[in-house]
Structures are given as structure tokens and as C-alpha cells.
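Chains A, B, C and D, in that order, give the protein sequences.
Note that my numbering numbers the first sequence so that position 72 is 72, with each residue one more than the last.
Note that my numbering numbers the second sequence so that position 99 is 1099, with each residue one more than the last.
Note that my numbering numbers the third sequence so that position 107 is 2107, with each residue one more than the last.
Note that my numbering numbers the fourth sequence so that position 79 is 3079, with each residue one more than the last.
For glycine and all other residues, C-beta sits at the position ideal for the given N, C-alpha and C.
4 protein chains.
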Amino acid sequence: MNELEEKLFLLAKDHLADAYSPYSHFHVASALVTDAGEIFTGVNIENSSFGLTNCAERTAIFSWVNAGRTGKIKCLLIIGNTDRPISPCGACRQVMSEFMAPETEVILTDSQGDYERFTVEQLIPYHFTEKDIQDGANK
Amino acid sequence: MNELEEKLFLLAKDHLADAYSPYSHFHVASALVTDAGEIFTGVNIENSSFGLTNCAERTAIFSWVNAGRTGKIKCLLIIGNTDRPISPCGACRQVMSEFMAPETEVILTDSQGDYERFTVEQLIPYHFTEKDIQDGANK
Amino acid sequence: MNELEEKLFLLAKDHLADAYSPYSHFHVASALVTDAGEIFTGVNIENSSFGLTNCAERTAIFSWVNAGRTGKIKCLLIIGNTDRPISPCGACRQVMSEFMAPETEVILTDSQGDYERFTVEQLIPYHFTEKDIQDGANK
Amino acid sequence: MNELEEKLFLLAKDHLADAYSPYSHFHVASALVTDAGEIFTGVNIENSSFGLTNCAERTAIFSWVNAGRTGKIKCLLIIGNTDRPISPCGACRQVMSEFMAPETEVILTDSQGDYERFTVEQLIPYHFTEKDIQDGANK
């Protein structure tokens, strides 16, 4: 990882303590940086009704949207207490595809510091887009 | 509304412009204040796959969780471009019940400045809790 | 409970075994009847990414929609392995409000056979509707 | 497509009329077959609160789970009124990864009869699993 990626990793690792996961006891955190250098972080937020759970990646992306979608997301990093670099779930991949360009880098890490690199396109190939929904609604 | 509530209203109203709602063209914003006086705001964030949409109330509450759940939520206000004070959806009521005490006030407003007051308990009476899930899982 | 409600209770109780809940170990089932006497049942269906979980009530209602929304839902019953009649989560209350009339009865039960009766309106008072979204989008 | 796949296509195409999509006016349907030859179908089911929307693929898979998870899913087909074979959203890919083997075939079609074939693994590579969550929770 380069210096900026290392910074995201350390921020995300520190943020693990803020996860709200009383049901799974599973802590996940995320950090993203925009091309303007702004950083947004996120943790997983569970609910007694499991379906209302929000993952760390989405919390970070929603924080950026909520701040006015300044700049463009350049890189997103995820960390989990997993035995291999943590995988983002499909729901988060869908939210990535809405707000991040296909070639944007996503770095998956674990608490040992192992990591894997993917692009958004690799994580969710042939993805569903706004254009599909418009085509469909006009028929 | 008292002075603090007016402040939440103005902050939420200004925040409407940050909503990401290209599918519904419906803008919603929210603002909450903790008993320590910290304020967190939120907007609705849609997705081409509608099921991945996050409402304004949840964005505000998740922002507070993501900041370390400092203090206790004292009041949450919602505003929408509706003809009557906007109603929070059931998913947001569930998230309120996870993070806000039953007697916490929720103020529903619209762009005309009309408003209604509810408590969390009034919005989601007899709600599902962590205790229910523990009882059930132990059987 | 009347004879029809007893029938829903027994069907839902039997259906508990079909729940897919390897993460919470919490089994919930539901049964609804239309005014034409058709019965649809549902169980909770979890996911390793908790946010993709579908509750029993929604599974039953979606089964009815998926069968062509024949008739009108007359009554919906829920059962869980809880110490008190199980409470539907806010997400399910929202889906009830989309497909069931405000005065429709919802019967909450537990494995001891205790029960509580609510109407949809009592479970989700002052609910968000299609009209709200149309008002908002037209502004 | 082979004869069985053609059958799924025709069933799904007919089922498009049952979609409940008053908000997007976008109809999607799905059909799956188990190795025992049982067929389950699904449509998209929207909600005035967009986040409670259930896609067609999930409705079909949930129908199969709700029927007791008999057999193993052999193939799932999706159809939408799109200009290219419709893409499943990330949330549905996640649910596929929970209930379908990585090598299971998913056929994406449109109303012109064009189609694309993917495996579950191709749609959601390096996916999040039950094992990840167990590893994480034990730390």
C-alpha cells in the first residue's frame, strides 16, 4: 500500500471500535478518500431486526453523500476481523456501483494487514444502472 | 417549536439540497440533537436498485452512531416536500427504536413549516427488541 | 381466537421449522388469509450480510403479491419463539401499510399460545403513503 | 437456451404482469428450477419507502426457501423490460451467494429474447460467507 492507503488503513482500524454489532459481534470499518483528499469513514451498524443493518462500506459512502458529494471517490478501503481480507457484501457492491466509477479501486484488508485489490467493476461486473431502469420504465 | 427545534428545522431545510434522489425526485432531510448539544443531519440517498435506498432519518442516526454514539439522542426532526408533516417510514421507526429511548421526541415537518410531534413509542408501539431476539434464540 | 385464526396459528407454528436463521437461531413464521379464504405463509430468511434478511411477515405478504394479489388481506398472524407475543419490526409494518388496509387485523402470538391483537393503523400510525411521495416529487 | 431454459423464460415473461412497481413502472420477473425439476417464480415488489423494495430474483429464491428449501437450485433466469439482458442488483447477487452454489448458472434475458449467461461466482466474485462472519465474531 502507498502512504495514503496506509493512512486509510490506520483510520479504518482505529474506527473498528465504533462498530455497533451487538448481534454478530463482528466489527467492520471502512475509509474512503476523494480526489480532493477528503476522507470519510464508516462502521457497521446492526439492528435487532437484522434486515435494517447497515454495513461499514455503506456508512462511509453515505457519509460522503451526506456531506454534499464533494469531489469523486478515489479509493475505498475495508477492514474486518476476518482470517482473509474481508469481502464486501453484494448490497455494498451495488451502492459502490451507484457512486463510484467502474475503475475505482477497493482495497480489502484484515486485522493482520493482508490485503487484496479489486476495482468496482471486478466486484460487481455487468452491473445494474440508472439507464436500465429508464429503458424499462419507458416500455 | 422552541429555539433549538427551530435551529434543527433550519439546518434540515438547508440540507434538503443535498438529497440524492434521482429516482423519486423526492427530497427529505433530518436533523437530530444529543443531550450534549451535538447536532447530526441526514438526507435520503437512493439507488437504481430501490431496495438499497437509505432514508434521511437513518442517515442522521447512522452519522451519530458513526461518530461514536456520543451522548443520547434528545430530539430528531424530519422535513420533506410534502403537503402535510412528513411521516417516517417503518424502517426508520425501527432504527429509531434501536437507538432512541421510547419517550424521545420526533418532530415531523414540511416545507410550509407545519409540524406534528410524536414520541418514538407512539411511532412504533409494542416494538421488537434485543430481548425478544435473545429469548427466541435461547429456545 | 376464532376457528380461522386458530387455523392460521397452527399453520404458522408448523412452518417455524422452515425458517432459515443460522445467524440468530431465531425462528419466526407468519400466515395470512384473504377475504376469499386463500392462505399464504412465510418464514424469516437470513443472510450472512444481515441487511439482506427478510422477515416472516414480509415473506408471507410477498408470497401473496407474487401470486397476483388475489383478493384482499383479511388478517395476518405472526408467531415467534418469544416470551411474549412477537412484535413485527418496523420494516414489516411498512410493508403491511403498503398492502393491507389500516383497519386490517394483525395477530401477534408466541409458542405458548398467548396473543395480542393490533390493527395495521395501530402498529404504524400516521404512516408514509404513495400520496406523500407524489406530493413531494411534484414540488 | 435449452428446452428447460425456454420454459423458465416463458414462465418468467408471463409473470411480468404480476410485478408490483407503481413507483418505477419497471417490471422484472424471475424463474428458478431445482435439480428435482421444481420451479419457483418471482416478481419485483416495490414500496412507497423505496428501501423496502424486494427484487424479482429475491422473491423467487425466497419462495423456494419458504417451501422448505427442497432440492438444490440448478438455474435461475431473470427477465426485464430492458434494452439489454437485465443485470441482477448487488443485493440479489448476495442472496444468490447464500443459497446457490458458485457454479450455478444465472441467465439474464430481456423482452427481445437476448440473453447472457453468468455463474453466481462470476456475478459476485470473492463473496462474503458465513465463515467470514464466524471468524470475525470469534476474535
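* To do: In angstroms with no decimal places, state the Cα-to-Cα distance between D/Ile3061 and C/Leu2011.
  => Residue numbering aside, residue 3061 of chain D sits at position 61 when the fourth sequence is read from its first letter. Residue numbering aside, residue 2011 of chain C sits at position 11 when the third sequence is read from its first letter. Per the coordinates, the alpha-carbon of D/Ile3061 lies some 21 Å from the alpha-carbon of C/Leu2011.
* To do: Go ahead and label A/Asp162 buried or exposed: buried means 16 or more other beta carbons lie within 10 angstroms of its beta carbon, across all protein chains shown.
  => As displayed, chain A neither begins before 1 nor continues past 139, which places residue 162 of chain A out of reach and without an answer.
* To do: Report, in whole angstroms, the separation of the C-beta atoms of C/Pro2088 and C/Val2106, which I expect to be a contact under 8 Å.
  => Taking the first residue of the third sequence as 1, we reach residue 2088 of chain C at position 88. Taking the first residue of the third sequence as 1, we reach residue 2106 of chain C at position 106. 7 Å between Cβ atoms; contact.
* **As assigned by DSSP and simplified to three states, the class of C/Phe2118** => Residue mapping note: residue 2118 of chain C aligns to position 118 of the third sequence, counting from 1. Residue state, collapsed to three classes: strand.
* Short check: CB of D/Val3033 to CB of D/Ala3056, under 8 Å? -> Along the fourth sequence, one-based indexing puts residue 3033 of chain D at 33. Along the fourth sequence, one-based indexing puts residue 3056 of chain D at 56. No, Cβ-Cβ distance for D/Val3033 and D/Ala3056 is not below 8 Å.
* Asked: Between the beta-carbon of A/Asn44 and the beta-carbon of A/Thr53, is there less than 8 Å?
  -> As a working mapping, residue 44 of chain A is identified with position 44 in the first sequence. As a working mapping, residue 53 of chain A is identified with position 53 in the first sequence. Contact: yes.
* Kindly give me the distance between the Cβ atoms of A/Ser24 and D/Ile3078, rounded to whole angstroms, as I take these residues to be in contact under 8 Å. => One-based indexing of the first sequence puts residue 24 of chain A at position 24. One-based indexing of the fourth sequence puts residue 3078 of chain D at position 78. With a beta-carbon spacing of about 30 Å, A/Ser24 and D/Ile3078 fall beyond the 8 Å limit used to define contacts.
* Asked: Within 8 Å (strictly less), CB to CB, does C/Thr2059 reach chain B?
  -> Your numbering for residue 2059 of chain C matches position 59 in the third sequence. So, not an interface residue.
* Can you check whether the CB of C/Ala2031 is closer than 8 Å to the CB of C/Leu2008? -> For the purposes of this step, residue 2008 of chain C is taken as residue 8 along the third sequence, with counting starting at 1. For the purposes of this step, residue 2031 of chain C is taken as residue 31 along the third sequence, with counting starting at 1. Note that the C-beta distance between C/Leu2008 and C/Ala2031 is below 8 Å.
* **Beta-carbon proximity list for B/Thr1129, same chain, < 8 Å, skipping 5 on both sides** => Here the question's residue 1129 of chain B lines up with position 129 in the second sequence. Excluding five sequence positions before and after B/Thr1129, the CB atoms of its chain that fall closer than 8 Å to its own CB belong to Ser1097, given in chain order.
* Determine the DSSP secondary structure at D/Asn3054, reduced to helix, strand or coil. => Position 54 of the fourth sequence, counted from the start, is the residue given in the question as residue 3054 of chain D. In this structure, DSSP gives D/Asn3054 an extended state, which the three-state scheme calls strand.
* List the endpoints of the continuous alpha helix (DSSP H) containing D/Ser3097. => For the purposes of this step, residue 3097 of chain D is identified with residue 97 of the fourth sequence, where counting begins at 1. Start and end: 3090 to 3099.
* Going along chain E, which residues have a C-beta under 8 Å from D/Leu3052? -> Absent from the structure is chain E; the protein chains it does hold are A, B, C and D.
* Looking only at C-alpha atoms, which of C/Lys2072, C/Gly2113, C/Lys2131 sits nearest to C/Ile2039? -> Position 39 of the third sequence, counting from 1, holds the residue named residue 2039 of chain C. Taking C/Ile2039 as reference, the option from C/Lys2072, C/Gly2113, C/Lys2131 with the minimal CA-CA separation is C/Lys2072.
* Is any beta-carbon of chain A found at less than 8 Å from that of C/Glu2038? -> Along the third sequence, read from residue 1 onward, the residue named residue 2038 of chain C stands at position 38. Chain A, which has no Cβ nearer than 8 Å to the Cβ of C/Glu2038, makes this no.
* For D/Asn3081, decide whether its Cβ has a neighbour in chain A, counting only Cβ atoms nearer than 8 Å. => Residue mapping note: residue 3081 of chain D aligns to position 81 of the fourth sequence, counting from 1. Yes, its Cβ sits closer than 8 Å to a Cβ of chain A.
* To do: Between the Cα of A/Glu121 and those of A/Met100, A/Ala19, A/Gly68, spot the shortest distance and give me the residue it belongs to.
  => Locating residue 121 of chain A in the first sequence gives position 121, where the first residue counts as 1. A/Glu121 has its Cα closest to that of A/Met100, out of A/Met100, A/Ala19, A/Gly68.
* Asked: Taking all protein chains shown into account, do 16 or more other C-beta atoms lie within 10 angstroms of the C-beta of B/Ala1017, making it buried, or fewer, making it exposed?
  -> Along the second sequence, one-based indexing puts residue 1017 of chain B at 17. Flag for B/Ala1017 reads exposed.
* **Terminal residues of the beta strand (DSSP E) in which C/Lys2074 lies** => For the purposes of this step, residue 2074 of chain C is identified with residue 74 of the third sequence, where counting begins at 1. 2073 to 2080 is the extent of the beta strand (DSSP E) around C/Lys2074.
* Apart from the five residues on each side of it in sequence, which residues of its chain come closer than 8 Å, Cβ to Cβ, to B/Tyr1020? -> Here residue 1020 of chain B refers to the residue found at position 20 of the second sequence. Same-chain partners within the cutoff: Val1043, Asn1044, Ile1045, Glu1046.
* Could you say which of B/Asn1081, B/Trp1064, B/Gln1094, B/Gly1090 lies nearest to B/Tyr1115 if we only look at CA atoms? => In the second sequence, counting from the first residue as 1, residue 1115 of chain B sits at position 115. Distance check between B/Tyr1115 and each of B/Asn1081, B/Trp1064, B/Gln1094, B/Gly1090 places B/Asn1081 closest, using alpha-carbon atoms only.
* Determine, using beta carbons only, whether B/Glu1130 comes closer than 8 Å to chain D. => The sequence position of residue 1130 of chain B within the second sequence is 130, counting from 1. B/Glu1130 is outside the set of residues whose beta carbon lies under 8 Å from a beta carbon in chain D.
* Neighbouring residues, chain D, relative to C/Pro2022 (Cβ below 8 Å) -> Within the third sequence, numbered from 1, the residue matching residue 2022 of chain C stands at position 22. Within 8 Å Cβ-Cβ: Glu3130.
* Asked: Considering only residues of the same chain and omitting the five flanking positions on each side of D/Glu3103, which have a CB-CB separation below 8 Å?
  -> Mapped onto the fourth sequence, residue 3103 of chain D falls at position 103. The residues are Thr3119, Val3120, Glu3121.
* Any beta-carbon of chain B closer than 8 Å to the one on C/Asp2135? -> Along the third sequence, one-based indexing puts residue 2135 of chain C at 135. Residue-level contact by beta carbon holds for C/Asp2135 and chain B, with a gap shorter than 8 Å.
* **Which of helix, strand or coil DSSP assigns to A/Ala31** => Taking the first sequence and counting its residues from 1, one reaches residue 31 of chain A at position 31. Here A/Ala31 sits in strand by DSSP.
* To do: Use the C-beta contact count for C/Gln2112: other C-beta atoms within 10 angstroms, 16 or more gives buried, fewer gives exposed.
  => Against the third sequence, residue 2112 of chain C aligns to sequence position 112. Only exposed fits C/Gln2112, as fewer than 16 other CB atoms lie within 10 angstroms of its CB.
* Asked: D/Gly3090 and A/Arg69: beta carbons closer than 8 Å?
  -> As a first step, residue 3090 of chain D is located in the fourth sequence; it is residue number 90 there, counting from the start. As a first step, residue 69 of chain A is located in the first sequence; it is residue number 69 there, counting from the start. No, they are not a contact pair.
* Applying a beta-carbon distance threshold of less than 8 Å, which residues of chain A neighbour D/Gln3112? -> Numbered from its first residue, the fourth sequence carries residue 3112 of chain D at position 112. Listed along chain A, no residue sits closer than 8 Å to D/Gln3112 by beta-carbon distance, the nearest being about 11 Å off.
* **Unbroken beta strand (DSSP E) run spanning C/Asp1984, endpoints** => This structure cannot settle anything about residue 1984 of chain C, because the visible part of chain C is limited to 2001 through 2139.
* To do: Check D/Thr3059 in the structure and name its three-state DSSP category.
  => Position 59 of the fourth sequence, counted from the first residue, corresponds to residue 3059 of chain D. Helix, per DSSP.
* To do: State yes or no: is the beta carbon of C/Val2095 nearer than 8 Å to at least one beta carbon in chain D?
  => Your numbering for residue 2095 of chain C matches position 95 in the third sequence. Closer than 8 Å: yes.
* Under a Cβ-count criterion, where at least 16 other Cβ atoms within 10 Å of its own Cβ denotes burial, should C/Asp2110 be classed as buried or exposed? -> Your numbering for residue 2110 of chain C matches position 110 in the third sequence. Around the Cβ of C/Asp2110, a 10 Å sphere holds 16 or more other Cβ atoms; the residue is buried.
* Asked: In angstroms, rounded to a whole number, what distance separates the CA positions of A/His15 and C/Gly2051?
  -> Walking along the first sequence from the start, residue 15 of chain A turns up at place 15. Walking along the third sequence from the start, residue 2051 of chain C turns up at place 51. Near 21 Å, if we compare the C-alpha coordinates of C/Gly2051 and A/His15.
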